[in-house]
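S.K.: From first to last, the protein sequence lines stand for chains Z and P. In terms of the working numbering, the first sequence opens at residue 1 and continues consecutively. In terms of the working numbering, the second sequence opens at residue 1 and continues consecutively. Ideal Cβ placement from N, Cα and C applies to all residues, glycine included. Quick caveat, the model's predicted, so the values are computed rather than measured. Pasting a structure here, questions to come.
2 protein chains.
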Amino acid sequence: MIKQKILVTVDNVIFTLIQDQLHVLLIKRDIDPFKNQRSIPWWFVLDNEDCDTAAYRELEEKTNVKNVYLEQLYTFSDPRRDPRWRVITVAYMALVARENIFIKAWSYTSEVKFFPIASLPKMGFDHKKVIEYAIQRLKWKMEYTNLSQFILPAKFTLSELQKVYEIILNKKFDVRNFRKKIDSLHIIKETWEKEIWVQYRPAKLYKFVDKKVKIIEII
Amino acid sequence: MIKQKILVTVDNVIFTLIQDQLHVLLIKRDIDPFKNQRSIPWWFVLDNEDCDTAAYRELEEKTNVKNVYLEQLYTFSDPRRDPRWRVITVAYMALVARENIFIKAWSYTSEVKFFPIASLPKMGFDHKKVIEYAIQRLKWKMEYTNLSQFILPAKFTLSELQKVYEIILNKKFDVRNFRKKIDSLHIIKETWEKEIWVQYRPAKLYKFVDKKVKIIEII
DNA sequence: CTAATAGTGTCTCTGAGACACTATCTA
DNA sequence: TAGATAGTGTCTCAGAGACACTATTAG
Numbered sequence: 001m002i003k004q005k006i007l008v009t010v011d012n013v014i015f016t017l018i019q020d021q022l023h024v025l026l027i028k029r030d031i032d033p034f035k036n037q038r039s040i041p042w043w044f045v046l047d048n049e050d051c052d053t054a055a056y057r058e059l060e061e062k063t064n065v066k067n068v069y070l071e072q073l074y075t076f077s078d079p080r081r082d083p084r085w086r087v088i089t090v091a092y093m094a095l096v097a098r099e100n101i102f103i104k105a106w107s108y109t110s111e112v113k114f115f116p117i118a119s120l121p122k123m124g125f126d127h128k129k130v131i132e133y134a135i136q137r138l139k140w141k142m143e144y145t146n147l148s149q150f151i152l153p154a155k156f157t158l159s160e161l162q163k164v165y166e167i168i169l170n171k172k173f174d175v176r177n178f179r180k181k182i183d184s185l186h187i188i189k190e191t192w193e194k195e196i197w198v199q200y201r202p203a204k205l206y207k208f209v210d211k212k213v214k215i216i217e218i219i
Numbered sequence: 001m002i003k004q005k006i007l008v009t010v011d012n013v014i015f016t017l018i019q020d021q022l023h024v025l026l027i028k029r030d031i032d033p034f035k036n037q038r039s040i041p042w043w044f045v046l047d048n049e050d051c052d053t054a055a056y057r058e059l060e061e062k063t064n065v066k067n068v069y070l071e072q073l074y075t076f077s078d079p080r081r082d083p084r085w086r087v088i089t090v091a092y093m094a095l096v097a098r099e100n101i102f103i104k105a106w107s108y109t110s111e112v113k114f115f116p117i118a119s120l121p122k123m124g125f126d127h128k129k130v131i132e133y134a135i136q137r138l139k140w141k142m143e144y145t146n147l148s149q150f151i152l153p154a155k156f157t158l159s160e161l162q163k164v165y166e167i168i169l170n171k172k173f174d175v176r177n178f179r180k181k182i183d184s185l186h187i188i189k190e191t192w193e194k195e196i197w198v199q200y201r202p203a204k205l206y207k208f209v210d211k212k213v214k215i216i217e218i219i
């Protein structure tokens, strides 16, 4: 039988929106290598689970939310990506709505924290590369699917929806053209509720018609 | 240190066009499990190489061609996908031009053979799923990149180019609209050569402007 | 009534798709 | 000259993008 000494892990790039900025969850390493540097959450795949299961497990451990969007991205396999052992990692990205994420990650100490992607700290391993890959995939999929629903609260305003696209795609849209386009796609519907506690004209709240990921040209 | 007993392999879904049909390279297994069934070529990742390198190595061993398009697809990790051991596989797809592929795979015995995707034989492992995934990715990428160049000979006619799209996307195109579209993309240029040995009006030969993969809306 | 954001319609221009005939080569 | 494929232009319609004002609420 073949001799091979490779360890397999899953890495989770967990995205959310906080105060109009895209953020990624990072943990602080308390052991070497890269002690005190940040890294994205990762862990070993167990012997009797597949990678999706492992990624979910790791995700719940850090955020305590279920019902999250999770997608396999890419497998990183440079033989020297971990200085200790030969480790291959299957990278995932997760999208969580800020209304869900507040539950656990926030209650941690500074060991688990969201960082805006515009100012990421120094990171161990090849995690910078993994995050860059994830951002690319996120942008790309935002353009042609209804993925934005997973980063929004269940009910949201059209302005919030537009802002999600503007932030992630880093691009401004015309209000009227944006609404016309969204309307033509039939991916969201009105609720009969409105914003409350706002000091201006309250906006109508909408929700997504379909929880499934659909292929749609949004922009 | 963590105990983990996982083996890592790479699977290659090797596509080419033969006689107006999309084909996949399969080998015949001469040992159990799945003895005498077909499978896509795969092999173990060596300790000091990354997965891309392993996939190239496996590819050259079967086809003897270099300069091939190779892309990582997805990592399949069901704990029971190999009945003997716990094996995780990183799947790749390769595109080869028929002018290149004839070199070695053809000279093999029946052990290594191309099968049209419309009539695939019974296959071991989860290879049906892997091939289906690869076909999806291929279709998808055909629509928005200049990937078709890797499945065509270096010089080709516009009819051949159109046929590539028609076969892979399983869809007919209007000759004039297709040419108008391709022309507007500036991805190919005329050579000053024409077809020879044909029994009708010989067509002009074209070649791709750029070997790099470009993002372009083709259809 | 002021400040702040929500919400709405029209025009222009580009590009996709429908459609049919002539040109060039071999045998 | 028959058979086979190459090669070419126009019109219509849909959708993208540019653009500015009125509506509604809280304080």
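1. For Asn36/P, which residues from the same chain have a beta carbon less than 8 Å from its beta carbon, with the 5 sequence-adjacent residues on both sides left out?
2. Give a yes or no on whether the C-beta atoms belonging to Val130/Z and Leu25/Z are separated by under 8 Å.
3. Answer with buried or exposed for Pro33/Z, where buried requires no fewer than 16 other C-beta atoms within 10 angstroms of its C-beta.
4. Closest Cβ-Cβ distance between Arg86/P and chain Z: below 8 Å?
5. Buried or exposed, going by whether 16 or more other CB atoms sit within 10 Å of the CB of Ser107/Z?
6. Would the beta-carbon of Ile88/P fall within 8 Å of that of Val8/Z?
7. Would you say Phe44/Z reaches chain P, if we count a Cβ-Cβ gap shorter than 8 Å as a contact?
8. What's the gap between the Cα of Lys171/P and the Cα of Glu160/P?
9. Determine the chain Z residues that contact Tyr74/P at a beta-carbon separation under 7 Å, and present them in chain order.
10. Starting from Asp52/Z, trace the alpha helix (DSSP H) in both directions and tell me its first and last residue.
11. Give me the chain Z residues within the contact set of Pro79/P, using Cβ-Cβ distance strictly less than 8 Å, ordered along the chain.
12. Taking only beta carbons into account, state which residues of the stretch 5 to 18 of chain Z come closer than 7 Å to chain P, listed in chain order.
13. Does the beta carbon of Ile2/P come closer than 8 Å to any beta carbon on chain Z?
14. Check Trp140/Z in the structure and name its three-state DSSP category.
15. List the whole-angstrom C-beta distance separating Thr145/P from Ile215/P, where the pair is believed to meet the contact cut-off of C-beta under 8 Å.
16. Would you kindly work out how many angstroms separate the C-alpha atoms of Val96/P and Leu185/P, rounded to a whole number?
17. Which value, in whole angstroms, describes the spacing of the CA atoms of Thr109/Z and Ile196/Z?
18. For Ile14/P, I'd like the list of residues in its chain whose CB is within less than 6 Å of its CB, leaving aside the five on either flank, ordered along the chain.
19. For a contact defined as C-beta to C-beta under 9 Å, what are the partners of Val90/Z on chain P?
20. Ignore the nearest five residues each way along the sequence and tell me which others in Arg81/Z's own chain have a CB closer than 7 Å to its CB.
21. Please say whether Tyr92/Z and Phe150/Z have beta carbons closer to each other than 8 Å?
22. Which one of Ser148/Z, Val45/Z and Arg98/Z has the shortest CA to CA distance from Asn64/Z?
23. Unbroken alpha helix (DSSP H) runs of length 4 or more, entirely within the stretch 187 to 214 of chain P: which are they?
24. Taking the Cβ atom as the reference point for each residue, do Glu60/P and Lys66/P lie within a distance shorter than 8 Å?
25. Cα-Cα, which of Trp43/P, Arg137/P and Leu73/P is closest to Lys62/P?
26. Could you say which of Thr191/Z, Asp78/Z, Glu217/Z and His23/Z lies nearest to Ile168/Z if we only look at CA atoms?
27. May I ask you to report which of helix, strand or coil DSSP gives Val68/P?
28. My output table needs one value for Phe150/P: the three-state DSSP class, helix, strand or coil.
29. In chain order, what residues of the same chain lie with their CB nearer than 6 Å to the CB of Val213/P, ignoring the 5 residues before and after it?
30. Which residues in the same chain as Phe205/P place their Cβ atom closer than 7 Å to its Cβ, once the five residues preceding and following it in sequence are excluded?
31. Over what stretch of residues does the beta strand (DSSP E) that includes Asp11/Z continue unbroken?
32. Determine the DSSP secondary structure at Ser119/Z, reduced to helix, strand or coil.
33. Straight-line CA distance for Phe221/P to Gln199/Z?
34. Could you tell me the alpha carbon to alpha carbon distance between Lys225/Z and Leu147/Z, rounded to whole angstroms?
M.R.: Working from what's here:
1. Lys28, Arg29 and Asp30
2. no
3. exposed
4. yes
5. Residue placement at Ser107/Z is flagged as unreliable, the pLDDT there being 47, under the threshold of 50; the coordinate-derived value follows with that caveat. Its Cβ having fewer than 16 others within 10 Å, Ser107/Z is exposed.
6. yes
7. yes
8. 14 Å
9. Gln72
10. Cys51 to Thr63
11. Asp47, Asn48, Glu49 and Asp50
12. Lys5, Ile6, Leu7 and Val8
13. yes
14. helix
15. 6 Å
16. 23 Å
17. Here Thr109/Z scores only 48 on pLDDT, less than 50, and its place in the model should not be relied on; the value that follows carries that caveat. Spanning the two alpha carbons is a distance of roughly 32 Å.
18. Leu25 and Ala94
19. Thr75, Ser77, Ile88 and Val90
20. Val87, Phe125 and Asp126
21. no
22. Arg98/Z
23. none
24. yes
25. Trp43/P
26. His23/Z
27. coil
28. helix
29. Thr145
30. Checking the displayed sequence, the identity of residue 205/P turns out to be Leu instead of Phe. The residues are Lys155, Phe156, Thr157, Thr191, Glu193, Lys194 and Glu195.
31. Leu7 to Ile18
32. helix
33. Outside the shown range of chain P (1 to 219) lies residue 221/P, about which nothing can therefore be said.
34. No statement about residue 225/Z is possible, as the shown extent of chain Z runs from 1 to 219 and does not include it.
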